[in-house]
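Working notes, beginning with the structure itself.
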Amino acid sequence: MFRAKKLVLALVSLATALPAAAAEGEVVSAKAVELVDFGGGWAITNSMATGWAVSALIISLILIATGRPKLIPSKGQAVFESLIEGLRGLLEPIVGKHAFPAVFPLLITFFVFILIQNWMGLMPGVGTIGYGHDVDGHFHMLRPLIRPFTADFNGTIALALISFGAWLIIIFKYAGPKLILFDLFGNKADKKETPAVLYIVLSIVFILVGCIEVFSICIRPFTLSVRLFGNIFGGENLLHGTSFFFVFYFMELLVGLIQATVFTLLSSVYIGLICNHGDEHEQVDENNHAEAHH
Amino acid sequence: MILAEITGNLASAFGLLGAAIGVGLIGTKAAEAVGRNPGASGKILVQAIIGMALAEGLGVLALFLAK
Chain A
457 MFRAKKLVLA LVSLATALPA AAAEGEVVSA KAVELVDFGG GWAITNSMAT
507 GWAVSALIIS LILIATGRPK LIPSKGQAVF ESLIEGLRGL LEPIVGKHAF
557 PAVFPLLITF FVFILIQNWM GLMPGVGTIG YGHDVDGHFH MLRPLIRPFT
607 ADFNGTIALA LISFGAWLII IFKYAGPKLI LFDLFGNKAD KKETPAVLYI
657 VLSIVFILVG CIEVFSICIR PFTLSVRLFG NIFGGENLLH GTSFFFVFYF
707 MELLVGLIQA TVFTLLSSVY IGLICNHGDE HEQVDENNHA EAHH
Chain B
32 MILAEITGNL ASAFGLLGAA IGVGLIGTKA AEAVGRNPGA SGKILVQAII
82 GMALAEGLGV LALFLAK
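Residue numbers (my numbering), protein chains in the order written: chain A, 457 to 750; chain B, 32 to 98.
This is the structure we're talking about:
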């Protein structure tokens with residue numbers, strides 16, 4: 457009872473704090489502000505500038521931390537080595553041993569890049585330093601100078617398109633067109649064990665399922681980018697809307713980590729779906745041969 | 032008596048509600064499955080992520096395409 461009362465109290469206090477911001481609707485604009493305009497639609501936006509600055513920071517941080525890689529790792533090198541080892545343990549079973557060496561640098565770059573970009577959006581000053589004007593005694597931010605890279609839809613679209621392009625290249629290199637077509641439209645039923653009529657019906661079903669599969673592949677870049685953008689942009693709005701209520705910072709730290717993981721995992725799952733069962737087929741064949749020998 | 036006014040796009044709201052329920056169900060079942068068989072957590076993770084991506088993809092479509 458006491459707990460319920462406390463919860464209600466907390467909710468009420470939160471609800472009274474929220475409407476002031478919620479009444480204005482969207483607190484942070486979804487559109488990035490152009491810092492330098494070259495004309496003709498070409499411009500440097502605040503999200504791009506933040507993205508470049510954070511990229512430079514990541515590169516220099518990793519270079520300084522690892523330096524020249526040594527056999528006995530320094531402290532900085534040990535941190536990054538344990539990160540890479542952890543990700544390898546998570547991703548290798550998903551992608552499969554065959555394509556893993558080609559995919560791993562891409563995936564680890566996605567993870568580190570998105571994670572640091574997400575967390576940099578929580579730094580003090582992001583979205584609060586810039587030009588604006590006073591509305592009824594409250595300062596209203598119009599042109600923030602810094603804005604997180606992943607809170608801009610253009611940035612996440614770029615990431616998703618890189619993921620999709622890399623996916624195309626990798627599946628064509630490591631699976632080949634024949635395996636891809638079989639994987640999408642081919643009949644996976646065993647021809648010896650299914651009756652002929654059922655086999656033909658199943659072929660049609662598998663082709664129809666393949667069409668749905670192709671559609672879901674086509675919207676993948678879209679869903680990947682919207683998922684990341686929606687979470688980070690929503691978090692920005694939440695923080696600004698609640699006047700930077702500190703509890704939400706912990707939630708946003710968690711969301712930033714989860715979204716970076718989800719983006720990396722989804723990229724690897726998409727590759728693994730096509731490239732991974734090459735090994736299994738070989739294993740099954742080997743098993744069959746072994747049984748045949750017995 | 033009007034308690035609260037509902038504004039915005041109801042169609043996309045319901046689409047997203049469905050997607051959220053779907054993702055939640057997949058999450059609970061995946062956690063249950065890992066509890067029953069911790070050794071298979073890697074395989075369960077992949078299946079759960081694929082399922083969540085499909086469910087969430089429909090939610091995203093509802094968010095952007097619902098009129």
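A virtual CB, placed ideally from N, CA and C, is assigned to each residue, including glycine.
*Select from the segment 43–74 of chain B all residues with a C-beta closer than 7 Å to any C-beta belonging to chain A, and list them in chain order.*
Within the segment 43–74 of chain B, the residues whose Cβ lies closer than 7 Å to some Cβ of chain A are G73, listed in chain order.
*Give every residue of the same chain whose Cβ lies closer than 7 Å to the Cβ of B/V54, excluding the five residues on either side of it in the sequence, and list them in chain order.*
M83, A86, E87
*Could you give the C-beta distance for A/I727 and A/I626, rounded to a whole number, given that I count them as a contact under 8 Å?*
6 Å
*With burial defined as no fewer than 16 other Cβ atoms inside 10 Å of the residue's Cβ, what is the status of A/D608: buried or exposed?*
buried
*Determine the contact status of A/V725 and B/I52, defining contact as a CB-CB distance below 8 Å.*
no
_Can you tell me whether A/F706 is helix, strand or coil according to DSSP?_
Assigned with DSSP and collapsed to three states, A/F706 falls in helix.
*Report the rounded CA-to-CA distance for B/A44 versus A/L519, giving the unit in angstroms.*
Cα to Cα, the separation comes out at about 46 Å.
*May I ask you to report which of helix, strand or coil DSSP gives A/A512?*
Residue state, collapsed to three classes: helix.
*Contact list for B/L85 against chain A, beta-carbon separation under 8 Å*: S672
*Can you tell me where the alpha helix (DSSP H) with A/P549 in it begins and where it stops?*
531–551
*Limits of the beta strand (DSSP E) - the one that A/H589 falls within*: Boundaries of the beta strand (DSSP E) harbouring A/H589: 586–591, taken from the DSSP string.
*Mind listing which residues of the segment 544–559 of chain A have their C-beta closer than 7 Å to chain B's C-betas, in chain order?*
P549, I550
*Could you tell me which uninterrupted beta strand (DSSP E) segments, each at least 3 residues in length, are contained entirely in the segment 585–646 of chain A, listed from first to last along the chain?*
Within the segment 585–646 of chain A, the complete beta strand (DSSP E) runs of at least 3 residues fall at 586–591, 594–600.
_Contacting residues, own chain, Cβ-Cβ under 7 Å from A/A555 (five flanking each side not counted)_ = Only I626, Y630, I727, C731 meet the Cβ criterion.
*Which residues in the same chain have their Cβ closer than 8 Å to the Cβ of A/D590, if we skip the five residues on either side of it in sequence?*
Cβ neighbours of A/D590 beyond the five flanking positions: H596.
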